[in-house]
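What follows is one structure encoded as structure tokens, with my remarks underneath.
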Amino acid sequence: GDSVTQMEGPVTLSEEAFLTINCTYTATGYPSLFWYVQYPGEGLQLLLKATKADDKGSNKGFEATYRKETTSFHLEKGSVQVSDSAVYFCALSGGDLFSGGYNKLIFGAGTRLAVHP
Amino acid sequence: DAGVIQSPRHEVTEMGQEVTLRCKPISGHNSLFWYRQTMMRGLELLIYFNNNVPIDDSGMPEDRFSAKMPNASFSTLKIQPSEPRDSAVYFCASSSSLRDRVYGNTIYFGEGSWLTVV
């Protein structure tokens, strides 16, 4: 079945460092890919998404490119801030448009990011 | 526009008691999802509805769990009887299914119901 694999955390960085969180997926068909962020004590918020190969999603300085050839959707940010400390979830949906399986999200395990001043 | 609204935000209950979690999806959304989050198992999809009909409940852990969606603007997740291992954060989420099958799915989450069973 469809699945998402993320790099294990925690990831600890100093402010203004470069961030990469790796995400790879397994899916039949053509899934949409997402990054969600969860700040402490809160629900999940959509950070960015990409719906087809070579699309780049971006938001708040974060970027991720949908790479079908490597089945990856790595999250990057050029200069992290303390306020970026959170748990980041990679997810996919709709891998098989013909299965009748609606648009449920399949999540990775999450990667905790801690940014220090 | 209001987001997904869940209640209660926090609940502490004794083992054996019935727990009812409530959810109001975003107006106009026709898909609704219940997820559970724990440290050990991460985010698990329990059940999802489309147009008020349960589509897949294979993630519901056991018969003690039940979910209903009597209309497009309300859903409940019930645990009876509750056990300490049910302690978790329960998220409700919603989306619009038809358009998102073409343009990509955006599921919006509520802030969660933090359940502790002692």
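For the record, the sequence lines run as chains A and B.
With the working numbering, the residue at position 46 of the first sequence is 46, and numbering never jumps.
In the working numbering, each residue carries its 1-based index in the second sequence increased by 1000.
Every residue gets a Cβ at the ideal spot worked out from N, C-alpha and C, and that includes glycine.
Residue pairing of PRO1054(B) in beta bridges, as defined by DSSP: PHE1049(B). Taking each of MET7(A), SER72(A), LYS104(A) and LEU13(A) in turn and checking the Cα distance to LYS56(A), the smallest one comes out for SER72(A).
Taking a cut-off of 8 Å on C-beta distances, the stretch 38-48 of chain A does not touch the stretch 7-14 of chain A, as fewer than three cross pairs fall below it. The beta carbon of GLN45(A) is closer than 7 Å to those of TYR36 and VAL37 in its chain, skipping five residues each way along the sequence. Distances from the alpha-carbon of GLU69(A) to those of LYS52(A), SER85(A) and LEU48(A) put LYS52(A) closest. Within the DSSP bridge table, the entry for LYS56(A) names THR65(A) as partners.
When secondary structure is reduced to three states using DSSP, ARG1041(B) falls in the coil class, being assigned neither helix nor strand. Taking all protein chains in view, the Cβ of SER3(A) is surrounded by fewer than 16 other Cβ atoms within 10 Å, so the residue is classified as exposed. Sequence-distant partners of LYS1078(B) (beyond 5 residues in either direction) whose C-beta falls short of 6 Å from its own C-beta, in its chain, are THR1020 and SER1066.
At a C-beta separation below 9 Å, ILE1005(B) has no neighbours in chain A, since its nearest C-beta there lies roughly 11 Å away. In the structure shown, VAL1118(B) falls within a coil segment according to DSSP collapsed to helix, strand and coil. Using a CB distance cut-off of 8 Å, GLU1018(B) does not count as an interface residue toward chain A. In this structure MET1040(B) is exposed. Its beta-carbon is surrounded by fewer than 16 other beta-carbon atoms within 10 angstroms. ILE1107(B) reaches chain A at PHE34, TYR36, LEU44, LEU46, ALA91, SER93, ASN103, LYS104 and LEU105, counting residues in chain order whose Cβ is nearer than 9 Å. Within chain A, not a single residue places a beta-carbon under 8 Å from that of LEU1077(B); the smallest gap is close to 15 Å. CA-CA distance, GLU1018(B) to GLY1112(B), rounds to 18 Å.
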